[in-house]
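Novice: Using the numbering used here, you'd call the opening residue of the sequence shown number 7 and step up by one each time. Ideal Cβ positions, reconstructed from N, Cα and C, are used throughout, including at glycine. Remember, predicted model here, so these are calculated numbers, not experimental data. Following this message is one structure expressed as structure tokens.
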Amino acid sequence: MDMTKFYEYVVLRLAPDAIRGESINVGLAIFPQGESPVTRISASLAKVRQLDASWNSSRADRFRDAVQEIIADENRPIVERISLLAALGYCLPGEPGFFYASPATLAEEIRLVEAQYITAKNEPSRRAPRSKLHHEIAQRFKSMELLGKTADDLLDHLVVPHVSIPGTPDLKADFVYKNGVYRITQTLDYRVSSQGARQKIAEACTKVTAAQQGQKVWGDTTMKFALVCVPREVADIADSHLDLLYASGFKIFHADKAKDLAAYHAEAFAH
Numbered sequence: 007m008d009m010t011k012f013y014e015y016v017v018l019r020l021a022p023d024a025i026r027g028e029s030i031n032v033g034l035a036i037f038p039q040g041e042s043p044v045t046r047i048s049a050s051l052a053k054v055r056q057l058d059a060s061w062n063s064s065r066a067d068r069f070r071d072a073v074q075e076i077i078a079d080e081n082r083p084i085v086e087r088i089s090l091l092a093a094l095g096y097c098l099p100g101e102p103g104f105f106y107a108s109p110a111t112l113a114e115e116i117r118l119v120e121a122q123y124i125t126a127k128n129e130p131s132r133r134a135p136r137s138k139l140h141h142e143i144a145q146r147f148k149s150m151e152l153l154g155k156t157a158d159d160l161l162d163h164l165v166v167p168h169v170s171i172p173g174t175p176d177l178k179a180d181f182v183y184k185n186g187v188y189r190i191t192q193t194l195d196y197r198v199s200s201q202g203a204r205q206k207i208a209e210a211c212t213k214v215t216a217a218q219q220g221q222k223v224w225g226d227t228t229m230k231f232a233l234v235c236v237p238r239e240v241a242d243i244a245d246s247h248l249d250l251l252y253a254s255g256f257k258i259f260h261a262d263k264a265k266d267l268a269a270y271h272a273e274a275f276a277h
């Protein structure tokens with residue numbers, strides 16, 4: 007029996023000084039499918055106090071209680087509860103994130119989200135690791151003299167890597183190309199261990215969300231492609247992840263198959 011569930015979440019933030027415009031991510035509001043929502047405050051007191059010296063465990067408890075009161079209001083649809091959180095400054099407006107997890111993988115999925123948005127955003131920034139496939143595709147574009155460096159290069163019809171989605175800079179497209187319409191390409195490299203392949207669901211969800219947000223910003227005509235590399239040994243694990251991409255409107259191509267790669271180039275660079 008499949009025990010996997012769908013979880014929506016928003017990143018909770020504290021903005022103690024509106025004039026200075028500084029904020030810090032402090033936790034998550036999580037909406038499990040068919041269950042009561044949960045508020046998690048996971049940023050350490052010491053880190054939050056670097057921004058707000060008055061922050062202590064009592065204030066953290068009051069913050070959690072205030073958020074929990076809003077998200078537990080089942081008389082409102084979830085989208086309204088999230089909008090109210092944003093209106094009160096508890097989170098940024100926009101699409102919530104999401105992931106899929108079973109009881110056995112839930113703690114790890116939450117840890118991955120917190121590592122991306124709570125720990126990572128409160129520590130010195132580090133460039134997100136790029137997969138071997140991302141590097142291979144970038145080198146392929148470079149050899150074709152198609153690889154740009156900055157978003158300005160989109161105007162010259164070059165492929166730009168690692169593009170932040172306007173309005174949601176934490177979400178990125180692996181590659182963006184524009185010729186009349188925008189074309190987003192995301193990569194998923196499953197040349198990892200079985201455990202690593204299972205954890206790719208978080209990456210798949212993030213990349214789907216980024217592309218969906220990009221489509222909202224750049225228009226419904228925005229095209230979405232995925233280049234994947236899936237060894238036979240982990241194909242069963244990857245199937246459900248790729249189903250998520252298909253359901254979200256991606257065209258998927260296997261980068262290790264010459265015919266697929268040629269078909270990708272024909273579609274992605276068509277006028």
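Return the chain-ordered list of same chain residues with a C-beta closer than 7 Å to the C-beta of F12, the five sequence neighbours on each side being excluded.
Specialist: To locate residue 12, count along the sequence shown from 1; it is residue 6. Excluding sequence neighbours, F12 sits near Q39, F104, Y106.
Novice: With DSSP run on the structure shown, which of helix, strand or coil describes A78?
Specialist: Against the sequence shown, residue 78 aligns to sequence position 72. Correct three-state label for A78: coil.
Novice: The beta strand (DSSP E) that contains E162, what's its start and end?
Specialist: In the sequence shown, the residue the question calls residue 162 occupies position 156. One point to set straight first is that residue 162 is Asp, not Glu, in the sequence displayed. Per DSSP, D162 belongs to no beta strand (DSSP E) and is neither H nor E.
Novice: Answer yes if the stretch 231-248 comes into contact with the stretch 192-205, meaning at least three C-beta pairs across the two stretches below 8 Å, and no otherwise.
Specialist: Yes: at least three Cβ pairs fall under 8 Å.
Novice: With 16 as the cutoff for other CB atoms within 10 Å, does L94 come out buried or exposed?
Specialist: Position 88 of the sequence shown holds residue 94. Its Cβ having fewer than 16 others within 10 Å, L94 is exposed.
Novice: With burial defined as no fewer than 16 other Cβ atoms inside 10 Å of the residue's Cβ, what is the status of A276: buried or exposed?
Specialist: The sequence position of residue 276 within the sequence shown is 270, counting from 1. A276 is exposed by the Cβ-count criterion.
Novice: In the DSSP assignment, find the alpha helix (DSSP H) that holds Y123 and state where it starts and stops.
Specialist: Here residue 123 refers to the residue found at position 117 when the sequence shown is read from its first residue. No alpha helix (DSSP H) contains Y123, which DSSP labels as neither H nor E.
Novice: Within 10 angstroms of the Cβ of K263, are there 16 or more other Cβ atoms? Answer buried if so, exposed if not.
Specialist: Within the sequence shown, the letter at position 257 stands for residue 263. Exposed is the call here.
Novice: Specify, as a first and last residue, the run of the alpha helix (DSSP H) that D245 falls within.
Specialist: For the purposes of this step, residue 245 is taken as the residue at position 239 of the sequence shown. Run containing D245: 241-253, per the alpha helix (DSSP H) assignment.
Novice: Could you compute how far the alpha carbon of A244 sits from the alpha carbon of A269?
Specialist: The count along the sequence shown starts at 1 and reaches residue 244 at position 238. The count along the sequence shown starts at 1 and reaches residue 269 at position 263. Straight-line Cα distance between these residues: approximately 21 Å.
Novice: In this structure, how does DSSP classify F105 when only helix, strand and coil are distinguished?
Specialist: In the sequence shown, the residue the question calls residue 105 occupies position 99. Strand, per DSSP.
Novice: If you compare alpha carbons, which of V182, N31, Q74 is closest to L20?
Specialist: Here residue 20 refers to the residue found at position 14 of the sequence shown. Selected option, being the one with the closest Cα: N31.
Novice: For V187 versus T212, is the C-beta distance shorter than 8 Å?
Specialist: Stepping through the sequence shown from its first residue, residue 187 is reached at position 181. Stepping through the sequence shown from its first residue, residue 212 is reached at position 206. Not in contact: V187 and T212 (Cβ atoms no closer than 8 Å).
Novice: Between A66 and A59, what straight-line distance do the alpha-carbon atoms span, to the nearest angstrom?
Specialist: Looking up residue 66 in the sequence shown gives position 60. Looking up residue 59 in the sequence shown gives position 53. In a straight line, the C-alpha of A66 is about 13 Å away from that of A59.
Novice: What separation, rounded to the nearest whole angstrom, lies between the Cα atoms of E86 and V240?
Specialist: For this step, residue 86 is matched to residue 80 along the sequence shown. For this step, residue 240 is matched to residue 234 along the sequence shown. Taking the straight line from one Cα to the other gives about 39 Å.
Novice: Report the three-state DSSP secondary structure of V198 (helix, strand or coil).
Specialist: Residue mapping note: residue 198 aligns to position 192 of the sequence shown, counting from 1. In this structure, V198 counts as coil in the three-state DSSP scheme.
Novice: Go ahead and pull the three-state DSSP assignment for L153.
Specialist: Mapped onto the sequence shown, residue 153 falls at position 147. If DSSP states are grouped into helix, strand and coil, L153 belongs with the strands.
Novice: Quick check: the Cα distance between D176 and V169, rounded to an integer number of angstroms?
Specialist: Translated into the one-based positions of the sequence shown, residue 176 becomes position 170. Translated into the one-based positions of the sequence shown, residue 169 becomes position 163. Roughly 10 Å between the two C-alpha positions.
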